[in-house]
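K.L.:
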Amino acid sequence: MSAVTEWMDRREFLKGLGAGLLVCLTHGGVMAQESGRTFGGHALPKEVSAWIHIGADGKVTVYTGKVEVGQNIRTSLAQQVAEELRVPFGRIAMVMGDTDLVPWDMGTFGSRTTPTMGPELRMMAAAAREELLRKAAAQWKVSVTALKVEDGRIVDAKSSHSASYGELTRGEKLVSVVEGQEALTPATEWKVAGTPVPKTEIRAFVTGEHKFPSDVVRPGMLFGAVVRPEGFNAKLISVDTSAAEKMPGVQIVREGDFIGVVAPAMYTARQAVEAIHAKWDVPAQPSNDGLFDYLKSHPDGESQPEHQAGSVEQAMAAADVKVEDKYTVQYIAHAPLEPRAAVAEWNAGKVTVWTGTQRPFGVRDQLMEAFSLPVEKVRVVQPDMGSGYGGKHTGEAALEAARLSKAAGKPVKVVWTREEEFTWAYLRPAGLMELRAAARRDGTLVAWEHHNYNSGPAAISMPYVVANQLIQYHPAQSPLRQGSYRSLAATANNFARESHMDAVAHAVGMDPVAFRLKNLADLRLIAVVKAATERFGWEKARSTATRGYGFACGNDKGGYVAACAEVEIDGDKRVRIRRIVQAWESGAIINPDGLRNQVGGAIVQGIGGAMFEAILFGNGRILNPHFADYRLPRFRDVPEVDVVLVDRKDLPSAGAGESGLICVAPAVGNALFAATGQRLRNMPMTPDRTVPGVAVSGLTS
Amino acid sequence: MTEFVLQVNGASMRVEAPAEESLLSVLRYRLNLTGTKYGCGEGECGACTVLLNGKAYRSCRVSVAAAANAGITTIEGLERHGVLTPVQQAFVDEGAMQCGYCTSGMIVEATALLEENPQPTEEQIVARMNGNVCRCGTYPRIVAAVRRAAEGGRA
Numbered sequence: 015m016s017a018v019t020e021w022m023d024r025r026e027f028l029k030g031l032g033a034g035l036l037v038c039l040t041h042g043g044v045m046a047q048e049s050g051r052t053f054g055g056h057a058l059p060k061e062v063s064a065w066i067h068i069g070a071d072g073k074v075t076v077y078t079g080k081v082e083v084g085q086n087i088r089t090s091l092a093q094q095v096a097e098e099l100r101v102p103f104g105r106i107a108m109v110m111g112d113t114d115l116v117p118w119d120m121g122t123f124g125s126r127t128t129p130t131m132g133p134e135l136r137m138m139a140a141a142a143r144e145e146l147l148r149k150a151a152a153q154w155k156v157s158v159t160a161l162k163v164e165d166g167r168i169v170d171a172k173s174s175h176s177a178s179y180g181e182l183t184r185g186e187k188l189v190s191v192v193e194g195q196e197a198l199t200p201a202t203e204w205k206v207a208g209t210p211v212p213k214t215e216i217r218a219f220v221t222g223e224h225k226f227p228s229d230v231v232r233p234g235m236l237f238g239a240v241v242r243p244e245g246f247n248a249k250l251i252s253v254d255t256s257a258a259e260k261m262p263g264v265q266i267v268r269e270g271d272f273i274g275v276v277a278p279a280m281y282t283a284r285q286a287v288e289a290i291h292a293k294w295d296v297p298a299q300p301s302n303d304g305l306f307d308y309l310k311s312h313p314d315g316e317s318q319p320e321h322q323a324g325s326v327e328q329a330m331a332a333a334d335v336k337v338e339d340k341y342t343v344q345y346i347a348h349a350p351l352e353p354r355a356a357v358a359e360w361n362a363g364k365v366t367v368w369t370g371t372q373r374p375f376g377v378r379d380q381l382m383e384a385f386s387l388p389v390e391k392v393r394v395v396q397p398d399m400g401s402g403y404g405g406k407h408t409g410e411a412a413l414e415a416a417r418l419s420k421a422a423g424k425p426v427k428v429v430w431t432r433e434e435e436f437t438w439a440y441l442r443p444a445g446l447m448e449l450r451a452a453a454r455r456d457g458t459l460v461a462w463e464h465h466n467y468n469s470g471p472a473a474i475s476m477p478y479v480v481a482n483q484l485i486q487y488h489p490a491q492s493p494l495r496q497g498s499y500r501s502l503a504a505t506a507n508n509f510a511r512e513s514h515m516d517a518v519a520h521a522v523g524m525d526p527v528a529f530r531l532k533n534l535a536d537l538r539l540i541a542v543v544k545a546a547t548e549r550f551g552w553e554k555a556r557s558t559a560t561r562g563y564g565f566a567c568g569n570d571k572g573g574y575v576a577a578c579a580e581v582e583i584d585g586d587k588r589v590r591i592r593r594i595v596q597a598w599e600s601g602a603i604i605n606p607d608g609l610r611n612q613v614g615g616a617i618v619q620g621i622g623g624a625m626f627e628a629i630l631f632g633n634g635r636i637l638n639p640h641f642a643d644y645r646l647p648r649f650r651d652v653p654e655v656d657v658v659l660v661d662r663k664d665l666p667s668a669g670a671g672e673s674g675l676i677c678v679a680p681a682v683g684n685a686l687f688a689a690t691g692q693r694l695r696n697m698p699m700t701p702d703r704t705v706p707g708v709a710v711s712g713l714t715s
Numbered sequence: 136m137t138e139f140v141l142q143v144n145g146a147s148m149r150v151e152a153p154a155e156e157s158l159l160s161v162l163r164y165r166l167n168l169t170g171t172k173y174g175c176g177e178g179e180c181g182a183c184t185v186l187l188n189g190k191a192y193r194s195c196r197v198s199v200a201a202a203a204n205a206g207i208t209t210i211e212g213l214e215r216h217g218v219l220t221p222v223q224q225a226f227v228d229e230g231a232m233q234c235g236y237c238t239s240g241m242i243v244e245a246t247a248l249l250e251e252n253p254q255p256t257e258e259q260i261v262a263r264m265n266g267n268v269c270r271c272g273t274y275p276r277i278v279a280a281v282r283r284a285a286e287g288g289r290a
């Protein structure tokens with residue numbers, strides 16, 4: 015059937031490209047450390063790795079281990095290569111996240127693609143351009159400096175010699191080694207980078223042609239499903255598979271507590287799982303109620319202050335104004351619209367797995383370990399997927415598909431249900447933040463203490479100037495499986511800090527924005543504070559009982575952000591966010607349209623965690639593992655969103671996929687305080703259902 | 136197992152399936168029409184939206200038996216002779232997606248909306264599309280795309 019996905023191995027792939035120029039990086043490259051390719055004990059590959067190929071037809075193929083999950087790097091990285099190579103954007107094809115074809119990469123997270131992979135590919139492209147120039151100069155016996163490059167052609171104006179890149183590379187296979195000293199084109203001179211190039215391959219997304227990981231089909235493919243335990247940390251007591259075994263074509267796969275099925279149809283696989291009766295022993299486990307006491311009383315090892323200066327105790331004792339409070343965030347789910355999915359296929363002892371993951375090489379390692387395979391016997395391919403938001407670092411579905419496929423001797427597809435994704439993936443950590451602050455009557459901050467239990471250290475450092483500080487993250491034993499989430503703990507820490515800043519501003523009787531500006535020295539942060547408040551019209555904003563205006567700012571991972579929120583509260587204490595103006599600066603902008611989309615999307619996703627998202631759990635079970643019970647931001651929840659981009663062509667480009675979330679909750683919470691006088695210190699601030707253990711605010715949304 | 140002849144995107148497709156199997160499951164896993172997406176299986180996200188006789192339905196909530204007598208249009212069936220529909224083109228022009236996983240359902244839902252109400256107000260667009268989830272949060276651009284399509288691409 016034509017829908018069957020075709021894939022080539024690297025040798026076939028390179029053959030298909032024809033002869034050409036391969037630009038390679040030796041493993042001593044200066045970018046190696048920074049790009050993360052030596053992270054976590056991973057040595058760089060011993061063999062020389064290819065990054066860029068220029069075909070005889072002038073087509074440019076770029077190889078990167080980064081993956082496209084909706085953040086638009088397939089486009090923005092290609093723009094940067096086109097820029098340095100001086101070729102039209104349309105000539106670039108990106109090969110991403112295929113472990114047999116691309117150099118090793120740690121994964122796509124932490125806003126690292128733009129600050130590390132961008133410069134790395136630019137360096138490779140610049141080296142390729144220089145190599146082609148040298149080649150043309152040698153052929154024409156002229157000086158390199160006499161030559162010009164434009165649109166993938168090298169021209170010598172004097173001798174009227176001219177050749178395309180393809181003509182120069184045809185019939186030859188050159189290997190150029192990069193020293194890492196190539197000069198990059200400054201942003202002020204960019205012609206392709208820095209422009210709003212539309213998302214590449216966008217047409218395939220509006221016609222349904224694009225194959226997401228869950229869409230991959232292989233010849234002879236069967237379908238797999240897994241019997242899930244009744245709760246976390248459960249032990250299998252007994253299982254009866256007799257009814258399922260009688261279903262036509264169904265194969266049961268059992269290894270210890272793992273019970274899976276393979277069937278000729280997805281429907282049958284699900285029916286078979288339903289027909290298997292397993293008894294589990296589920297131990298008693300914590301719930302939402304009492305969660306924060308639990309986290310505080312169950313430390314995970316010793317912790318040290320992230321930052322300590324002066325004496326908070328002495329400064330607090332002597333201060334005019336003191337504010338002390340606790341803030342909390344609940345566990346929330348990434349809920350990528352495409353759940354975990356994988357297709358696995360074994361051929362001659364080698365397993366190939368197509369799956370949705372932010373860490374194709376991490377999943378490759380998991381497969382190597384699980385099946386005791388050498389590196390050359392595992393290939394992970396990551397088709398551009400239905401997103402992840404930090405939630406797809408692991409390879410659960412890949413491992414299940416590989417295990418079932420191995421037992422069945424046929425390719426097997428596994429697609430998690432929504433309930434499985436909510437229950438058996440991992441969550442954004444819950445956290446408790448305890449803050450103490452002191453200020454002089456004139457609004458000068460003198461002391462700041464910030465403790466974060468469990469949620470994480472991201473953006474825990476003070477962006478404000480304070481002489482006396484104690485900033486500490488306390489890792490805890492989480493009762494639920496937790497992990498990475500877009501912007502990590504920066505959301506929780508900034509919610510606590512910026513809500514607390516607002517409280518101190520009110521305590522000293524200052525305008526919240528003026529109070530922040532008085533205590534800020536970071537010029538980049540000051541610039542976004544001004545950009546957001548000017549666009550919003552903060553100076554004229556006067557809160558009433560039914561309309562509130564709030565502000566928050568922060569910085570993390572090279573992104574500087576400030577947000578103003580306008581909220582409306584009706585007679586039923588129902589909250590509507592009416593407007594959010596957010597200013598954003600992350601250095602030189604590579605694609606203003608893509609950047610606007612990322613920052614706008616981050617605001618909408620931030621509304622979910624700020625207002626209504628919360629995982630309800632108890633005794634090892636997730637109690638709301640369905641979209642009907644777990645409220646996601648929808649069309650109706652979206653306010654007027656205005657993103658103000660600050661382009662700093664003089665600064666290196668930073669990642670922009672994450673930190674756009676971190677001001678939403680505090681800006682909205684501060685607006686609600688301005689209107690109601692009620693300080694909302696728990697995220698979500700307006701849940702549909704009461705979260706056990708959290709005081710009810712009385713406000714809904 | 137029952138044999139059904141489905142009318143999908145103008146073609147007759149023969150398929151064997153249990154009568155109660157969802158249309159979504161049949162489209163994706165038996166007919167390899169993977170443009171229609173699974174998001175929740177409970178009619179809560181709209182990723183699986185298809186047209187049955189021109190009206191939008193959640194294909195995860197429709198059995199194959201119930202769909203057997205209808206004209207089924209999936210995302211793959213909108214484009215004609217290589218030309219995108221105004222709704223598809225508007226999503227391209229507005230860049231109304233991030234990961235693109237919700238896009239099929241959004242476009243099919245918007246197509247049905249504009250069929251019933253060619254000039255919807257912004258409020259009507261929001262009300263009608265509210266059952267479709269974009270986890271990437273691209274809602275404002277999707278609203279803009281629907282408006283653009285309604286205005287004949289002039290937006």
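Respectively, the protein sequence lines represent chains W and V.
For what it's worth, the numbering used here labels the leading residue of the first sequence as 15, then goes sequentially.
For what it's worth, the numbering used here labels the leading residue of the second sequence as 136, then goes sequentially.
Every residue gets a Cβ at the ideal spot worked out from N, C-alpha and C, and that includes glycine.
1. Helix, strand or coil for F436(W) per DSSP?
2. Whose Cβ in chain V lies nearer than 8 Å to the Cβ of H224(W)?
3. Three-state secondary structure (DSSP) at C38(W)?
4. Any C-beta of chain W within less than 7 Å: which residues of the stretch 253-274 of chain V qualify?
5. Assign N252(V) to buried or exposed, taking buried as 16 or more other Cβ atoms, counted over all protein chains shown, within 10 Å of its Cβ.
6. Taking the alpha carbon of A329(W) as the reference point, which residue from T369(W), L387(W), T458(W), A292(W) has its own alpha carbon closest?
7. What are the start and end residues of the alpha helix (DSSP H) that includes K149(W)?
8. What are the boundary residues of the alpha helix (DSSP H) that includes Q93(W)?
9. Is Y164(V) close to chain W, meaning its C-beta is less than 8 Å from at least one C-beta of that chain?
10. Closest to R143(W) by C-alpha separation, out of V158(W), T369(W), L305(W), would be which residue?
11. Just to confirm the assignment: which complete beta strand (DSSP E) runs, minimum length 3, are found wholly within the stretch 482-549 of chain W?
12. Going along chain W in order, which residues have a C-beta closer than 9 Å to the C-beta of G287(V)?
13. Where A358(W) and F103(W) are concerned, what is the direct C-alpha to C-alpha distance, given to the nearest angstrom?
14. Quick check: is the beta carbon of F139(V) nearer than 8 Å to any beta carbon in chain W?
15. Can we count A709(W) as close to the ligand GTP, meaning its CB is less than 7 Å from some heavy atom?
16. Contact between the stretch 676-685 of chain W and the stretch 571-580 of chain W is defined here as three or more beta-carbon pairs at a separation below 8 Å; is this criterion met?
17. Rounded to the nearest angstrom, what separates E229(V) and I540(W) at their Cα positions?
18. Should G400(W) be flagged as near chain V, meaning a C-beta pair shorter than 8 Å?
19. Could you give the distance in angstroms between the alpha-carbon of A146(V) and the alpha-carbon of H216(V)?
20. Starting from D170(W), follow its DSSP beta bridges and name the residues at the other end.
21. So, under 8 Å CB-CB, T208(V) and G170(V) are touching, yes? Tell me the CB distance rounded to an integer number of Å.
22. L446(W) lies in the alpha helix (DSSP H); which residues open and close that run?
23. Whose CA, out of M235(W), S492(W), G79(W), lies closest to the CA of N302(W)?
24. Determine whether the beta carbon atoms of G572(W) and S125(W) lie at a separation below 8 Å.
25. Between the alpha carbons of G608(W) and Y644(W), how many angstroms are there, rounded?
26. Just the Cα atoms here: how many angstroms apart are S600(W) and R242(W)?
27. Under a Cβ-count criterion, where at least 16 other Cβ atoms within 10 Å of its own Cβ denotes burial, should G445(W) be classed as buried or exposed?
28. H321(W) bridges to which residues according to DSSP?
29. Is any beta-carbon of chain V found at less than 8 Å from that of L418(W)?
30. Of all Cβ atoms in chain V, is any one closer than 8 Å to the Cβ of S715(W)?
31. Between which two residues does the beta strand (DSSP E) carrying S147(V) extend?
32. Express the C-alpha separation of V522(W) and A451(W) in angstroms, rounding to a whole number.
33. Could you say which of L502(W), V367(W), T128(W) lies nearest to A472(W) if we only look at CA atoms?
34. Distance check for K80(W) and T214(W), CA to CA, integer angstroms please.
35. Alpha carbon to alpha carbon, what distance is there between A439(W) and L250(W)?
36. Mind pulling the chain V residues with CB within less than 9 Å of R88(W)?
P.N.:
On the basis of the supplied data:
1. By 1-based counting over the first sequence, the position of residue 436(W) is 422. Reduced to three states, the DSSP call for F436(W) is helix.
2. Stepping through the first sequence from its first residue, residue 224(W) is reached at position 210. Near H224(W) (Cβ distances below 8 Å), the residues of chain V are G235.
3. The sequence position of residue 38(W) within the first sequence is 24, counting from 1. Annotation note: pLDDT 47 at C38(W) (below 50); position unreliable, coordinate value reported separately. Looking at C38(W) - three-state DSSP - the assignment turns out to be strand.
4. V261, M264, N265, V268, R270, C271, G272, T273, Y274
5. Here residue 252(V) refers to the residue found at position 117 of the second sequence. The residue is exposed, with fewer than 16 neighbouring Cβ atoms inside 10 Å.
6. Working through the first sequence from its first residue, we reach residue 329(W) at position 315. Of the candidates T369(W), L387(W), T458(W), A292(W), the one whose C-alpha sits nearest the C-alpha of A329(W) is T458(W).
7. Numbered from its first residue, the first sequence carries residue 149(W) at position 135. First-last of the alpha helix (DSSP H) with K149(W): 132-154.
8. For the purposes of this step, residue 93(W) is identified with residue 79 of the first sequence, where counting begins at 1. Counting along the chain, the alpha helix (DSSP H) containing Q93(W) begins and ends at 87-99.
9. As a first step, residue 164(V) must be located in the second sequence, where it is residue number 29. Taking Cβ atoms only, chain W reaches closer than 8 Å to Y164(V), which makes this a yes.
10. Locating residue 143(W) in the first sequence gives position 129, where the first residue counts as 1. Checking every option, the nearest Cα to that of R143(W) belongs to V158(W).
11. 482-488
12. Taking the first residue of the second sequence as 1, we reach residue 287(V) at position 152. By Cβ distance, chain W contributes nothing, its closest Cβ being about 17 Å from G287(V), past 9 Å.
13. If you number the first sequence from 1, residue 358(W) lands on position 344. If you number the first sequence from 1, residue 103(W) lands on position 89. Approximately 34 Å, taken between the alpha carbons.
14. To locate residue 139(V), count along the second sequence from 1; it is residue 4. For F139(V), the answer is no, since every Cβ of chain W falls outside 8 Å of its Cβ.
15. As presented, the structure is devoid of all ligands, the ligand GTP included, so that no description of it is given.
16. yes
17. Position 94 of the second sequence holds residue 229(V). Position 526 of the first sequence holds residue 540(W). Computed Cα separation, rounded: 32 Å.
18. Sequence index remark: in the first sequence, residue 400(W) carries index 386 (1-based). By this cut-off, G400(W) is an interface position.
19. In the second sequence, counting from the first residue as 1, residue 146(V) sits at position 11. In the second sequence, counting from the first residue as 1, residue 216(V) sits at position 81. Cα to Cα, A146(V) sits roughly 15 Å from H216(V).
20. Taking the first sequence and counting its residues from 1, the one referred to as residue 170(W) is at position 156. DSSP output for D170(W) lists L161(W), H175(W) as bridge partner(s).
21. Residue numbering aside, residue 208(V) sits at position 73 when the second sequence is read from its first letter. Residue numbering aside, residue 170(V) sits at position 35 when the second sequence is read from its first letter. At roughly 11 Å, the Cβ-Cβ gap does not stay under 8 Å, so T208(V) and G170(V) are not in contact.
22. Within the first sequence, numbered from 1, the residue matching residue 446(W) stands at position 432. That residue, L446(W), is in no alpha helix (DSSP H); its beta strand (DSSP E) goes 445-453.
23. Walking along the first sequence from the start, residue 302(W) turns up at place 288. Out of M235(W), S492(W), G79(W), S492(W) has the C-alpha closest to the C-alpha of N302(W).
24. For the purposes of this step, residue 572(W) is identified with residue 558 of the first sequence, where counting begins at 1. For the purposes of this step, residue 125(W) is identified with residue 111 of the first sequence, where counting begins at 1. Yes.
25. Along the first sequence, read from residue 1 onward, the residue named residue 608(W) stands at position 594. Along the first sequence, read from residue 1 onward, the residue named residue 644(W) stands at position 630. Going by the C-alpha atoms only, they are around 29 Å apart.
26. By 1-based counting over the first sequence, the position of residue 600(W) is 586. By 1-based counting over the first sequence, the position of residue 242(W) is 228. When rounded, the distance between both Cα atoms is 43 Å.
27. As a first step, residue 445(W) is located in the first sequence; it is residue number 431 there, counting from the start. It is buried - the Cβ of G445(W) has at least 16 other Cβ atoms within 10 Å.
28. Your numbering for residue 321(W) matches position 307 in the first sequence. According to DSSP, H321(W) bridges with I485(W).
29. Working through the first sequence from its first residue, we reach residue 418(W) at position 404. No, L418(W) does not count as interfacial toward chain V.
30. Position 701 of the first sequence holds residue 715(W). It does not; no Cβ of chain V falls within 8 Å.
31. On the second sequence, residue 147(V) is found 12 positions in, with the first residue counted as 1. 146-152 is the span of the beta strand (DSSP E), which, as asked, contains S147(V).
32. Position 437 of the first sequence, counted from the start, is the residue given in the question as residue 451(W). Position 508 of the first sequence, counted from the start, is the residue given in the question as residue 522(W). Spanning the two alpha carbons is a distance of roughly 12 Å.
33. Within the first sequence, the letter at position 458 stands for residue 472(W). Selected option, being the one with the closest Cα: L502(W).
34. Translated into positions along the first sequence, residue 214(W) becomes position 200. Translated into positions along the first sequence, residue 80(W) becomes position 66. Rounded to the nearest angstrom, the two C-alpha atoms are 16 Å apart.
35. The residue given as residue 250(W) occupies position 236 in the first sequence. The residue given as residue 439(W) occupies position 425 in the first sequence. Each residue's alpha carbon lies about 20 Å from the other.
36. Along the first sequence, read from residue 1 onward, the residue named residue 88(W) stands at position 74. Going along chain V, no residue has its Cβ under 9 Å from R88(W), so there is no contact; the nearest lies around 11 Å.
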